[in-house]
Amino acid sequence: MPGGDHADQSLAVLRDGGVLVSLLNVHDATRAKAGARGIRVECMSGVPDRDGLVELARLVDASKLSPHVAKTFPLEQAGAAHAFLATRPIGKLVLTV
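Everything in the sequence shown is counted per our numbering, starting at 1 for the first residue and increasing by one.
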């Protein structure tokens with residue numbers, strides 16, 4: 001089922017009382033684990049809407065949502081960045097221009 005392993009990995013690094021945001025459905029067992037730790041689970045559709053984007057902006061402005069950046073590469077090292085992604089790091093990869 002979608003969201004299983006990835007959602008469980010995300011739960012492992014979230015603090016109690018945090019928020020797990022997923023683009024996929026999260027199955028009931030993962031929701032139960034999250035609930036036991038006071039973690040809220042939010043599933044977002046792949047289609048953005050105004051209300052959702054406004055809420056995301058509000059969370060960012062309130063410093064309640066911040067991406068985990070695994071590594072930053074200059075654009076000239078895009079090949080190395082792609083190879084780094086193959087290691088399946090946790091977090092985002094940023095290319096700087």
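C-beta atoms are modelled at their ideal positions from N, C-alpha and C, and glycine is treated no differently.
Query - Alpha carbon of Phe84 to alpha carbon of Leu93, nearest angstrom - result: Stepping through the sequence shown from its first residue, residue 84 is reached at position 84. Stepping through the sequence shown from its first residue, residue 93 is reached at position 93. The straight-line gap from Cα to Cα measures roughly 9 angstroms.
Requested in this report: Check the DSSP bridge columns for Lys71 and list the partner residues they point to.
Outcome: Within the sequence shown, residue 71 is the residue found at index 71, counting from 1. DSSP lists Leu93 as partners of Lys71.
**Report entry** Beta-ladder partner(s) of Val60, from DSSP
**Finding:** Here residue 60 is taken as the residue at index 60 of the sequence shown, counted from 1. For Val60, which the question treats as bridged, DSSP gives no partner whatsoever.
Report task. Please go through the same chain and pick out, in chain order, the residues whose beta-carbon is closer than 8 angstroms to the beta-carbon of Leu56, but skip the five residues on each side of it. Result -> As a position in the sequence shown, residue 56 is number 56, starting the count at 1. So the list reads Leu65, once near-sequence residues are dropped.
Report task. Put Val19 into one of helix, strand or coil per three-state DSSP. Result -> Mapped onto the sequence shown, residue 19 falls at position 19. Residue state, collapsed to three classes: strand.
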